[in-house]
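As numbered in our numbering, residues 5 to 105 make up the sequence shown, in order.
For every residue, glycine included, the Cβ atom is placed at its ideal position computed from N, Cα and C.
On a predicted model such as this, the values are computed, not experimentally measured, just so you know.
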Amino acid sequence: MPKTFATWAQADRPDALTLRSGDGVLVFTMRRTAGGLFVERVLQRLEAARVVQASVFDSLDAFQRWCEADPDRFEYPLLYSRLTRDAGELFVDHADAHAAG
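Written out as structure tokens, the structure reads:
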């Protein structure tokens, strides 16, 4: 019988965008900050340690290189497609806010 995770991760934050894999193993939370884009990546596999990474990216190129270096992008291609698309929109919103301010 296959084992899957329920939606175990932290609750969605109202000031951030949260993306989850269908099985709940991989969760990304992103939000704009003064320094760029804050990204938290949480990986929780069955019977394994929980791994949490947090980074701030000052450019979309740096973020995309980070995503391309992650081997989990092959296991969750749709999640990574949405992740890079949504991050691109957050970077555009961030740039627009700085240009207007």
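Exposure label - residue i; buried when at least 16 CB within 10 Å
| i | result |
| --- | --- |
| residue 12 | Because residue 12 sits at a pLDDT of 47, beneath the cut-off of 50, its placement in the model cannot be relied upon, and the following sentence gives the value as read from the coordinates. Exposed. |
| residue 4 | Residue 4 cannot be examined here, being either before or after the span of the chain that is shown, 5 to 105. |
| residue 91 | buried |
| residue 82 | exposed |
| residue 61 | buried |
| residue 24 | buried |
| residue 45 | buried |
| residue 43 | buried |
Closest by C-alpha distance to residue i, when choosing among the options
| i | options | result |
| --- | --- | --- |
| residue 66 | 33, 24, 41, 20 | 41 |
| residue 20 | 34, 26, 28, 29 | 34 |
| residue 50 | 63, 60, 85, 27 | 27 |
| residue 55 | 38, 47, 85 | 47 |
| residue 72 | 58, 60, 62, 87 | 87 |
| residue 52 | 76, 29, 24 | 29 |
For residue i, the first and last residue of its enclosing beta strand (DSSP E)
| i | result |
| --- | --- |
| residue 50 | Looking at the DSSP string, residue 50 is not in any beta strand (DSSP E), and its letter there is neither H nor E. |
| residue 31 | 30–37 |
Helix, strand or coil at residue i [DSSP, three-state]
| i | result |
| --- | --- |
| residue 22 | strand |
Bounding residues of the alpha helix (DSSP H) (the contiguous stretch that carries residue i)
| i | result |
| --- | --- |
| residue 66 | 64–72 |
| residue 76 | 76–79 |
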